[in-house]
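**Q** Heads up, the sequence shown is in the numbering used here, so the first residue is 51 and it goes up one at a time. We treat Cβ as the ideally placed atom computed from N, Cα and C, and that holds for glycine. If you scroll down you'll find the structure; I have some questions about it.
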Amino acid sequence: MIQYIMNHTKTTERVVNFNAGPSTLPLEVLEKAQAEFTNYQGKGLSVLEMSHRSGDFMAIRDQAESAIRQLLSISDAYTVLFLQGGATTQFSSVPMYFGQTGPVSFIHTGSWTKKALAEIKKFGQHTLLASSEDTNFDRIPSIDTSAIDPNSSYVYCCSNNTIYGTQFQEFPDTGAVPLVADMSSDILSRPLNIDQFGLIFAGAQKNAGPAGVTVVIARKDWIAANANPNLPLMFQYDKHMKEDSMLNTCPTFPIYLLGLTAQWLLDQGGVAAIEARNQAKAHALYNYIDANDFYTACVNGSSRSLMNVCFKTPSESLDTEFHKRAAEAGFIGLKGHRLVGGLRASIYNAMPSAGVDQLIGFMDEFRKR
Ligand SMILES: *Cc1c(COP(=O)(O)O)cnc(C)c1O
51 MIQYIMNHTK TTERVVNFNA GPSTLPLEVL EKAQAEFTNY QGKGLSVLEM
101 SHRSGDFMAI RDQAESAIRQ LLSISDAYTV LFLQGGATTQ FSSVPMYFGQ
151 TGPVSFIHTG SWTKKALAEI KKFGQHTLLA SSEDTNFDRI PSIDTSAIDP
201 NSSYVYCCSN NTIYGTQFQE FPDTGAVPLV ADMSSDILSR PLNIDQFGLI
251 FAGAQKNAGP AGVTVVIARK DWIAANANPN LPLMFQYDKH MKEDSMLNTC
301 PTFPIYLLGL TAQWLLDQGG VAAIEARNQA KAHALYNYID ANDFYTACVN
351 GSSRSLMNVC FKTPSESLDT EFHKRAAEAG FIGLKGHRLV GGLRASIYNA
401 MPSAGVDQLI GFMDEFRKR
């Protein structure tokens, strides 16, 4: 079991890391990577030093893909790509590639969708399907699927709003219009019905692995139908698909760590088991917050995120005092995003239940003081 530091001495043990991203990784994954860092499985070299086209690396890549396929029950109708440029590059490449056939039906739930919208506007039209901007993004808005323009190129949403702490519990049935989701902060946290989506993208560094690789899961026929050789090469999904994400040198080490993390998830019992654990962790924290007058949750009801729990103390100065004292006690990354203030505990897959229990213990001590 991980030893958490609970005193003010110099940190020699690992802290309890509530960073929003890049964020905590399973210790078992880090230790495995460390053990084989200089000499991968007796091959005499590091994964960092391998040719991305070597048989050894291809096996690493294939393992990562097959573990993700297994975790999310992804059928052969979908491709799984490992790209670079982060989720932010997908904000541009999705509308550039798929947004030419009609307006994008857009669901606005916070600053990440705002950034995506700025890119959508560069490449075409959009219509606003739903928004929670009027209440400062404190909820997932209700979505009237009958209002989806059938000529839309796709419906766009962000499944988990990392900054505001809201999350879709279920996704709208968009019928024949493909649904695109930014799942950067909750991919692999729960089972999904992949067939509901045209395309999912996720920067790995929140919940799936390290920074440097972006996972794209997309319907092959939809990619093929939108092929456009005039686009910059790196924005052509069909080319990435054809080359198995080897259009150029792929991010080898991030893909390796992503594969180790996916294997760790399989060892934990898969995404259904991890979802149950994520629910238990989030409920423990929300229940504690709701049960006293000192802390207040920023989001209520079914919009609450299981990944990013946003909360406040009675004043801004106490918030500041809280994350300062928490950091001294070994609980780092609890400062809320600068756009919303307050406090935020990001409790992704790799955060053990014990970390959440210890945070609740600290919160209770702080409240009493
Ligand atoms: C962090 C985050 C992004 C940005 O990801 P990059 O990989 O840094 O581009 C986009 N969307 C969501 C939901 C995020 O949490």
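CA-CA distance, S192 and G92?
**A** 54 Å
**Q** Just to confirm, is the Cβ distance from R189 to S353 under 7 Å?
**A** yes
**Q** Of the residues V154, S181, G253, T195, which one's Cα is nearest the Cα of V205?
**A** V154
**Q** In this structure, does DSSP put V97 in helix, strand or coil?
**A** The three-state secondary structure of V97, taken from DSSP, is helix.
**Q** Within the same chain, show all residues whose beta-carbon is closer than 7 Å to that of S426, passing over the 5 residues directly before and after it, in chain order.
**A** It is not possible to answer for residue 426, since the shown part of the chain is limited to 51 through 419.
**Q** Have a look at T129, K171, A127 and flag the residue whose alpha-carbon is nearest the alpha-carbon of S142.
**A** K171
**Q** Of the residues L238, D271, Q286, which one's Cα is nearest the Cα of R119?
**A** Comparing alpha carbon positions, the residue from L238, D271, Q286 closest to R119 is L238.
**Q** Any idea which residues DSSP pairs N201 with across the strands?
**A** Per DSSP, none; premise fails for N201.
**Q** Between Y128 and the rest of its own chain, which residues show a CB-CB distance below 7 Å, the 5 nearest in sequence each way excluded?
**A** I244, I267, A268, R269, K270
**Q** Under the criterion of a Cβ to heavy atom distance below 6 Å, does S182 qualify as lining ligand 1?
**A** no
**Q** Does the structure place the region 257 to 266 close enough to the region 290 to 309 that three or more beta carbon pairs sit under 8 Å?
**A** yes
**Q** Specify the secondary structure class of L242 as computed by DSSP and reduced to three states.
**A** coil
**Q** Closest to T159 by CA distance: which of T151, L178, S116 is it?
**A** L178
**Q** Give me the DSSP bridge partner(s) of R327.
**A** None, per the DSSP bridge assignment.
**Q** Do T74 and A400 have their C-beta atoms within less than 7 Å of each other?
**A** yes
**Q** Give the DSSP-derived three-state secondary structure of D232 in the structure shown.
**A** D232 falls in the strand class under three-state DSSP.
**Q** For G253, which three-state DSSP category applies?
**A** strand
**Q** Nearest by alpha-carbon distance to L335: which of S104, L283, D407 is it?
**A** D407
**Q** Please identify the residue among Q255, D194, T370 whose C-alpha is closest to the C-alpha of G392.
**A** T370
**Q** Listed by chain order, which residues have C-beta atoms less than 6 Å from any heavy atom of ligand 1?
**A** Result: G71, G136, A137, T138, W162, C208, T212, D232, S234, S235, G253, K256.
**Q** Measure the C-alpha to C-alpha separation of D343 and R419 and round it to an integer number of angstroms.
**A** If you take the alpha carbons of D343 and R419, they lie about 14 Å apart.
**Q** Any contact between the region 201 to 215 and the region 353 to 364? By contact I mean 3 or more CB pairs, one from each, below 8 Å.
**A** yes
**Q** With distance defined between alpha-carbon atoms, name the residue in G94, S104, Q219, P228 nearest to P145.
**A** P228
**Q** Pull up the distance between the alpha-carbon of T61 and that of F156, whole angstroms please.
**A** With a pLDDT of only 47 at T61, under 50, the local geometry of the prediction cannot be trusted, and the value read off the model is given with reservation. Distance between the alpha carbons of T61 and F156: 45 Å.
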